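Asks: Every letter in the sequence shown is one number past the one before it in my numbering, and letter 60, counting from 1, is 43.
For reference, the structure I am asking about is given below.
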Amino acid sequence: MTQPGKAPLSPLKWTSADIELLATDEWKRYEIIDGELFVTRAPHIGHQGAAGRIYAKLLLWSEETHLGQPFLTPGLIFSDVDNVIPDIVWVSNGRLAEIVDPEGHLTGAPELIVEVLSAGITNERRDREAKLKLYSLKGVQEYWIVEWRSQQVEVYRRQNSQLQQVATLLSADQISSPLLTGFQCPVKSFF
-16 MTQPGKAPLS PLKWTSADIE LLATDEWKRY EIIDGELFVT RAPHIGHQGA AGRIYAKLLL
44 WSEETHLGQP FLTPGLIFSD VDNVIPDIVW VSNGRLAEIV DPEGHLTGAP ELIVEVLSAG
104 ITNERRDREA KLKLYSLKGV QEYWIVEWRS QQVEVYRRQN SQLQQVATLL SADQISSPLL
164 TGFQCPVKSF F
């Protein structure tokens, strides 16, 4: 409720500087999306296992092709109010030189982002809604949402200037990407 003649209060927006003031806790991950703070605990070992296997597949392919590099849990700082830590990103060599700041953080959109879902409504909302919107707005070309419990991968690709879901792949399916020339592997190998 606003008083006559007074503007309504705007919601509190968190910034990167605010995160630096929080107590350091190696078991928590702090992310900001459009000024909203998300705090998550260290993920389940199943989550970590899936992320590690996906990273390994992308690393092996990248070492063979020399087209780019994958990174595990990099800092991705789009702006002072959009500061996230995806599970995995893949960046082409040409793009990498453009988007790394002196502190080693990515400041622009990598071509591919992979998020492995953690349990809980807040975690799912963050990855399926808030991060999907953020990654779409910032120009990510492809986004994989990996559900390690049900062993499936939702694939989103840039179409008409936004990320659109193009497939839901199950463990018996093969995954490939137009971004990753020649990359193909069974989805079940992620789990």
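Ideal Cβ placement from N, Cα and C applies to all residues, glycine included.
Keep in mind that this is a model prediction, so the values were computed, not measured.
1. Counting only the same chain and skipping the five closest in sequence on each side, list residues whose C-beta sits under 7 Å from that of Val83.
2. Taking Cβ to Cβ, would you say Glu94 is nearer than 8 Å to Lys114?
3. From this set, Ser45, Gly32, Arg78, which residue's C-alpha is nearest Asp70's C-alpha?
4. Val67 to Ala155, Cα distance in whole Å?
5. Apart from the five residues on each side of it in sequence, which residues of its chain come closer than 7 Å, Cβ to Cβ, to Ser159?
6. Less than 8 Å between the beta carbons of Arg141 and Gln124, yes or no?
7. Would you check whether the ligand GTP has a heavy atom nearer than 7 Å to the C-beta of Ser45?
8. Within the continuous beta strand (DSSP E) that includes Gly29, where are the two ends?
9. Leaving out five residues before and five after His27 in sequence, what residues of the same chain have Cβ atoms less than 6 Å from its Cβ?
10. In terms of alpha-carbon separation, which member of Gly122, Leu162, Trp127 lies closest to Phe61?
11. Let's see if you can read the secondary structure: which residues bound the alpha helix (DSSP H) around Asn143?
12. On the premise that Pro53 lies in contact with Leu42, defined as a C-beta separation below 8 Å, what is that separation, rounded to the nearest angstrom?
Replies: On the basis of the data shown:
1. Taken in chain order, the residues that qualify are Leu89.
2. Contact flag unset, no.
3. In this structure, Gly32 is the residue among Ser45, Gly32, Arg78 with its C-alpha nearest to the C-alpha of Asp70.
4. Their backbone Cα atoms lie some 31 Å apart in a straight line.
5. The answer, listed in chain order, is Phe166, Gln167.
6. It is a contact, given that the beta carbons lie within the stated cut-off.
7. The ligand GTP is not part of the structure shown, which contains no ligands of any sort.
8. It is not in any beta strand (DSSP E) - Gly29 instead sits in the alpha helix (DSSP H) that spans 28 to 48.
9. Excluding five sequence positions before and after His27, none of the CB atoms of its chain fall closer than 6 Å to its own CB.
10. Per the Cα distances, Gly122.
11. Asn143 -> no alpha helix (DSSP H), and no H or E assigned at all.
12. In this structure, Leu42 and Pro53 form a Cβ contact; the two beta carbons are roughly 5 Å apart against a cut-off of 8 Å.
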